[in-house]
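Residue numbers (this note's numbering): 95 to 477.
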């Protein structure tokens, strides 16, 4: 059962937390654990109401399908109207047009030139039709197989709907006396020569990622913490997309839970999904984006299982609304940004999910046919 979350990580019972991007329109939720699977290289370990069981992959999938049937989420999502759906634009569920997105980027660049913003992340939506027999569990399992180094999630909440995603970005990991976070920003497709070295990144991506790293350092310093460890940046690969990442670690005997509580809400939303300065970036996003982000670029994940919590930024995700899927994607805008290039970055991200939607019941893209998609983007995502 899902209930409203009190937003105190250290006082939260074992369960799964889901929090929105920002604002007061959407609540944060905690789903108490009933069935907990823990997998390593061996069989899936299951803890059901205190009973430890051993499950193989087939039994695991069967259990997931059974739970999905009991949840009845396809019918529940039919009740979410276009006008009320987070991805709705002017009361209609529709994709963001390229011209609109590029105009937002131009306006962001003007704010940056006037020194009102250093960076802002702008997002857009892509609406795709779904086959009547579309199975969210099929998509979840395919994403789990494809994105072995991402956090893959399927979340259904009454009155909110069904969200699926495969996010590459850790927000906060807390384990006994240690916490970890990352600065992840900058996006490019995987080069044919498979050279992932940092020296091959462009100035725009390096600056964009450095802004996030600098923000995280300031969050630690605001809490009076200076003995954290920093490693990076390095290139990480998620599917066919590369990102720049710097890792931050803090070890503290006792009191780590209190530090984690305070750090979580200083970090969120980070410049990787919002911008700098934070308040100005949030205001700009609210005034320009024609859709409600809702839980896109919020965070989610399991908390307080055997002394460990892992929260991830809700990226590379979609929401199911009736017979359609609303895919969300964003791009970080800095002084070096070019509107057309930022649009292509969002294309790369949306197609990372569209590829798997086609395999499990994707009907058609609402904004443009597959033939109208940039051939380079389509080729990369179909590899």
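Glycine included, C-beta positions come from ideal geometry on N, C-alpha and C.
From the DSSP output, in three-state form, read off residue i for me.
| i | result |
| --- | --- |
| residue 396 | strand |
| residue 308 | helix |
| residue 453 | helix |
| residue 319 | coil |
| residue 128 | coil |
| residue 445 | helix |
| residue 260 | strand |
| residue 327 | strand |
| residue 105 | helix |
| residue 219 | strand |
| residue 435 | helix |
| residue 269 | strand |
| residue 418 | strand |
| residue 473 | Residue placement at residue 473 is poorly supported in this model, since its pLDDT is 42, which falls under 50; the coordinates still yield a value, given next. Residue 473 falls in the helix class under three-state DSSP. |
| residue 250 | strand |
| residue 535 | The question about residue 535 has no answer here: the residues shown for the chain are numbered 95 through 477. |
| residue 135 | Low local confidence applies: a pLDDT of 46 at residue 135 is under 50, so the model's placement there is unreliable, with the coordinate-based value given in what follows. It is coil, neither helix nor strand. |
| residue 367 | coil |
| residue 409 | coil |
| residue 387 | coil |
| residue 192 | helix |
| residue 113 | strand |
| residue 229 | coil |
| residue 291 | coil |
| residue 100 | coil |
| residue 402 | strand |
| residue 382 | helix |
| residue 95 | coil |
| residue 344 | strand |
Our contact map puts residue i next to residue j with C-beta atoms below 8 Å; I'd like the distance itself, whole angstroms only.
| i | j | result |
| --- | --- | --- |
| residue 214 | residue 405 | With a Cβ gap of about 23 Å, residue 214 and residue 405 do not count as contacting. |
| residue 126 | residue 114 | Contact flag wrong, Cβ pair sits at about 19 Å. |
| residue 425 | residue 439 | 4 Å |
| residue 187 | residue 418 | 6 Å |
| residue 354 | residue 266 | 6 Å |
| residue 333 | residue 423 | Going by Cβ atoms, the distance from residue 333 to residue 423 rounds to 13 Å, so no, they are not a contact pair. |
| residue 199 | residue 431 | 6 Å |
| residue 485 | residue 338 | Residue numbering for the chain in the displayed model covers 95 to 477; residue 485 lies beyond these limits and cannot be assessed. |
| residue 261 | residue 407 | 6 Å |
Select from the options the residue whose C-alpha is nearest the C-alpha of residue i.
| i | options | result |
| --- | --- | --- |
| residue 330 | 310, 202, 341 | 341 |
| residue 243 | 306, 259, 300, 229 | 259 |
| residue 314 | 356, 347, 293, 291 | 356 |
| residue 367 | 388, 268, 194, 254 | 388 |
| residue 370 | 344, 118, 301 | 301 |
| residue 485 | 392, 345, 436 | The first residue shown for the chain is 95 and the last is 477, placing residue 485 beyond what the model contains. |
| residue 255 | 96, 451, 432, 437 | 96 |
| residue 323 | 316, 335, 310 | 310 |
| residue 305 | 291, 317, 361 | 361 |
| residue 450 | 318, 435, 224 | 224 |
| residue 415 | 321, 230, 434, 235 | 230 |
| residue 109 | 116, 129, 120 | 129 |
| residue 321 | 298, 296, 235, 347 | 347 |
At a threshold of 8 Å, does residue i count as lining the ligand MN (C-beta to nearest heavy atom)?
| i | result |
| --- | --- |
| residue 238 | Absence of the ligand MN from the depicted structure is noted, as is the absence of any ligand whatsoever, leaving it without description. |
Taking Cβ to Cβ, would you say residue i is nearer than 9 Å to residue j?
| i | j | result |
| --- | --- | --- |
| residue 351 | residue 122 | no |
| residue 206 | residue 427 | yes |
| residue 421 | residue 447 | yes |
| residue 363 | residue 391 | yes |
| residue 303 | residue 283 | no |
| residue 397 | residue 232 | no |
| residue 374 | residue 210 | yes |
| residue 402 | residue 270 | yes |
| residue 383 | residue 196 | no |
| residue 252 | residue 292 | no |
| residue 335 | residue 442 | yes |
| residue 359 | residue 118 | no |
| residue 190 | residue 385 | yes |
Looking at chain B, is there any beta carbon in it that lies within less than 9 Å of the beta carbon of residue i?
| i | result |
| --- | --- |
| residue 279 | As a matter of chain content, chain B is missing from the structure shown, which is built from one protein chain. |
With a threshold of 8 Å, are at least 3 pairs of Cβ atoms found where one atom belongs to the stretch 399-415 and the other to the stretch 372-380?
The stretch 399-415 vs the stretch 372-380: no contact.
The stretch 244-253 / the stretch 217-227 touching (three or more Cβ pairs under 8 Å):
The answer is no - the stretch 217-227 does not touch the stretch 244-253, with fewer than three Cβ pairs under 8 Å.
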